[in-house]
Structure formats: C-alpha cells, structure tokens
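Colleague: Just so you know, we're using this note's numbering here: the sequence shown kicks off at 1 and counts up by one. Just so you know, even glycine gets a beta-carbon here, dropped at the ideal spot from N, CA and C. The structure's right below; bear with me while I get my questions together.
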Amino acid sequence: MVKNHISADVDFERGRKNYILSGFGLGFGIWSRGIRGWAGIANTYFFIDFETDIVSMIWTQLRPSGAYPMLVLGFNQLITQAIID
1 MVKNHISADV DFERGRKNYI LSGFGLGFGI WSRGIRGWAG IANTYFFIDF ETDIVSMIWT
61 QLRPSGAYPM LVLGFNQLIT QAIID
C-alpha cells in the first residue's frame with residue numbers, strides 16, 4: 001500500500017521545478033527515504049515518516065497549491081533535526 005504503484009517511466013515533474021513527489025502509493029504520495037504523505041489545497045500537507053515514526057502536518061493558506069516546495073522540504077528537515085538534536 002505504501003510502495004510506489006506507478007511505472008518508473010512516468011515523468012512526475014511534468015515541466016515543474018522542485019516537484020517533491022517521486023511516486024504514488026494507494027492513498028499516499030511517495031517522498032524520499034520512507035516518507036509518505038499527501039497534499040491538499042492551499043499548501044496543506046501531512047507526512048508519515050516510517051523510518052522515524054514521526055507524523056507531521058502543515059496547515060497554511062498559501063495559494064496556489066504547490067507553489068512553495070521549499071516550505072515543505074524545509075519543514076521536514078526542521079522536524080527531523082529537532083528530534084535528532
């Protein structure tokens with residue numbers, strides 16, 4: 001259920017820069033290194049990191065959706081660093 005179910009031939013970026021997904025599972029977007037999650041409208045996200053057993057969420061009202069990929073990437077890095085430190 002949490003593994004990628006899309007062929008490796010599929011281009012997920014479709015011309016977009018910094019696209020954060022690398023695949024799709026059943027009910028999850030596939031991020032890197034064991035992180036699964038999903039995005040909603042206005043840059044709302046949830047993440048489940050199966051390696052560290054961390055669940056995190058971002059609830060913003062920034063539009064358009066997906067226009068702030070560094071917000072998501074930076075958030076995940078901050079969460080991981082805070083737990084490890």
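1. Can you tell me whether G37 is helix, strand or coil according to DSSP?
2. According to DSSP, is T44 helix, strand or coil?
3. Could you compute how far the alpha carbon of T44 sits from the alpha carbon of G74?
4. Determine whether the beta carbon atoms of S56 and I30 lie at a separation below 8 Å.
5. Please identify the residue among D9, V10, Q81, N76 whose C-alpha is closest to the C-alpha of G37.
Modeller: Let's see:
1. strand
2. strand
3. 14 Å
4. no
5. Cα-wise, what sits closest to G37 is N76.
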